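Heads up: the structure comes next, in structure tokens.
In my numbering, the protein residues as written are 620 to 696.
See the structure below:
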């Protein structure tokens with residue numbers, strides 16, 4: 620997720636459903652904040668929803684972006 624020109628700068632966090640995830644790496648430059656989340660997928664991650672939340676104060680609701688993981692696997696016989 621990428622956010623631009625927030626005051627104060629937004630805090631980005633990654634979630635799996637309602638559970639916060641560790642390992643999101645926020646990068647800030649020229650008024651933009653970006654966070655990438657990288658993981659090694661498991662079979663149980665199929666159809667999992669990952670959520671990135673952007674928060675910069677306690678007044679407004681967070682901006683939320685979600686992505687659903689769809690795994691494809693090559694079967695070896």
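For each residue, glycine too, the CB sits at the ideal point set by N, CA and C. Model, not experiment: these values are computed from the prediction.
Helix, strand or coil at residue i [DSSP, three-state]
i: residue 637; result: coil
i: residue 653; result: strand
i: residue 682; result: strand
Best match in the options for proximity to residue i [C-alpha to C-alpha]
i: residue 639; options: 648, 652, 627, 656; result: 656
i: residue 697; options: 641, 677, 636; result: Any question about residue 697 goes unanswered here, given that the chain covers just 620 to 696.
i: residue 631; options: 648, 654, 637; result: 654
Spatial neighbours of residue i in its chain, beta-carbon cut-off 8 Å, leaving aside the 5 residues before and after
i: residue 685; result: 668, 669, 670, 671
i: residue 683; result: 670, 671, 672, 673
i: residue 681; result: 672, 673, 674
Residue(s) in a DSSP beta bridge with residue i
i: residue 630; result: 674
i: residue 659; result: Note: residue 659 sits in no beta bridge, so no partner.
i: residue 668; result: 687
Cβ shell of residue i (< 7 Å), same chain only, five flanking positions each side left out
i: residue 635; result: 667, 669
i: residue 664; result: 688, 690
i: residue 647; result: 628
Other residues of its chain near residue i: CB distance less than 6 Å, five sequence neighbours each side excluded
i: residue 633; result: 640, 643, 656, 671
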